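*Asks:* Dropping a structure here in structure tokens format, bear with me for questions.
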Amino acid sequence: MLAAIHMRESAASEQFPVRAQWGLLLSKGNVSDDDRNSNKRIYWNYIDALQSTSNIEGRESFTELTGGGGSGVNMKDGTLVFPVEGTKKESSTEEGGKTVSLILYWNDTKSWTLSKGMSADGCSDPSVVEWGKDGKLIMMTACDDGRRRVYESGDKGESWTEALGTLSRVWGKKEKGSDKGVGSGFITATIEHRDVMLVTLPVYAKEIGNKKGKLHLWLTDNTHIVDIGPISGDDDVAASSLLYKSGVSGDNEELIALYGNKGGNDGKTPPGVVSVLLTAELQRVKKVLATWQEVDKRVPSCAPLYLLGRVF
1 MLAAIHMRES AASEQFPVRA QWGLLLSKGN VSDDDRNSNK RIYWNYIDAL
51 QSTSNIEGRE SFTELTGGGG SGVNMKDGTL VFPVEGTKKE SSTEEGGKTV
101 SLILYWNDTK SWTLSKGMSA DGCSDPSVVE WGKDGKLIMM TACDDGRRRV
151 YESGDKGESW TEALGTLSRV WGKKEKGSDK GVGSGFITAT IEHRDVMLVT
201 LPVYAKEIGN KKGKLHLWLT DNTHIVDIGP ISGDDDVAAS SLLYKSGVSG
251 DNEELIALYG NKGGNDGKTP PGVVSVLLTA ELQRVKKVLA TWQEVDKRVP
301 SCAPLYLLGR VF
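Residue 84 in UniProt numbering sits at position 84 of the sequence shown; the count goes up by one each step and never skips.
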């Protein structure tokens, strides 16, 4: 688990103002393996302050690096990837500039590497997944224009290409900055023998002045996209995350959403964290996948292949 840590230094004298310090904390945990205890827990027995982040190649381009808030990825080749946010330097000064999204990864060199490629300026709150047999990374971000921009990389972030025409700018709100600070749940799963991506994002009311968001679950295979429906009730949601557990025989599958509840403006409903078991939604996902399979069988016999991307 990667987390950001912020500290403020006391002023040494009136000549030098109070200065903010930042850093990254990496924590490793082990899940208890006692089969007799159904209430397993995680033992966090390793915490590293990552003081060497100042020596990471590319670090000099930023005034600050913080955890992105989204889930990390353990890639098929053993590379450990975390999404991070960086605040770019303005020209040659130390003054902070625009926020961008990128990745920090640990590979065979046994050292942390900051990706050279990054999102467009003003995109934050990244989440990353590995997709496809070729190990492509897909990064979802929340941008200043109110849209969720999605980027793809086949070289561990050396370069990023916006996924226009598929996933990028599909989600979002017309009001600029409405999704800033709201991280998305973004995972991959194999359900009904099909590789899919599951996304949780807030959907906002159309009424003017109503900024309350309801969390929706979305399903995509990078070609089709379906809104499975709301999962948060009347809560005003913040950041969210997803967990999918596949059963050995297919009978013990679980899909769980975790999200932040901002609480009520009346002061009676405190903010908190909510966990939801998405049993009915998982069944809907399976029905949609069955429909996609039937459609995919029929369409090639009645339409040219180049039309498929436009129709569905």
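Just so it is clear, CB atoms sit at the ideal spot from N, CA and C, and this is done for glycine as well.
Keep in mind the model is a prediction, meaning the values are calculated, not measured.
Which of the three DSSP states, helix, strand or coil, is assigned to T291?
*Replies:* helix
*Asks:* Flag this pair as yes or no: are the beta carbons of V285 and I231 separated by less than 8 angstroms?
*Replies:* no
*Asks:* Kindly indicate the opening and closing residues of the beta strand (DSSP E) around T87.
*Replies:* L80 to K89
*Asks:* Quick check on N74: buried or exposed, where buried means 16 or more other Cβ atoms within 10 Å of its Cβ?
*Replies:* exposed
*Asks:* What runs of the beta strand (DSSP E), each 3 residues or longer, lie entirely inside the region 114–138?
*Replies:* 123–131
*Asks:* Just to confirm my understanding: we take G183, look at its own chain, exclude 5 residues before and 5 after, and list those with CB closer than 6 angstroms. What are they?
*Replies:* G69, G70, D125 and A239
*Asks:* Are V129 and T188 closer than 8 angstroms when you measure CB to CB?
*Replies:* Result yes, Cβ atoms of V129 and T188 sit closer than 8 angstroms.
*Asks:* Run through DSSP, which three-state label would R41 get?
*Replies:* coil
*Asks:* Closest to K88 by CA distance: which of F82, C123, N107 and L80 is it?
*Replies:* C123
*Asks:* Return the residue from the list Y46, G157, N107 and Y105 that minimises the CA-CA distance to M118.
*Replies:* G157
*Asks:* Go ahead and pull the three-state DSSP assignment for S241.
*Replies:* strand
*Asks:* Determine the contact status of Y46 and S27, defining contact as a CB-CB distance below 8 angstroms.
*Replies:* yes
*Asks:* Tell me which same chain residues have a C-beta within less than 7 angstroms of the C-beta of V84, skipping the five on either side of it?
*Replies:* L65, T66, G67, G68, L102, I103 and L104
*Asks:* What whole-angstrom Cβ distance do L289 and I256 have, given they're in contact under 8 angstroms?
*Replies:* Actually they are not in contact, since the Cβ atoms of L289 and I256 sit about 19 angstroms apart, beyond 8 angstroms.
*Asks:* Based on the DSSP output, what are the partners of M75 in its beta bridges?
*Replies:* For M75, which the question treats as bridged, DSSP gives no partner whatsoever.
*Asks:* So, at 6 angstroms on beta carbons, what are the nonlocal neighbours of E254 in its own chain, with the 5 sequence-adjacent residues on each side left out?
*Replies:* K245
*Asks:* Out of K297, W131 and D236, state which residue places its alpha-carbon closest to the alpha-carbon of S153.
*Replies:* W131
*Asks:* Going by DSSP in three states, V299 sits in which element: helix, strand or coil?
*Replies:* helix
*Asks:* What does a CB cutoff of less than 6 angstroms around E281 pick up in its chain, not counting 5 residues either side in sequence?
*Replies:* L217 and I228
*Asks:* Spell out the partners DSSP gives E162 in its beta bridges.
*Replies:* Y151.
*Asks:* Would you mind sorting P270 into buried or exposed? The rule is 16 or more other CB atoms within 10 Å of its CB.
*Replies:* exposed
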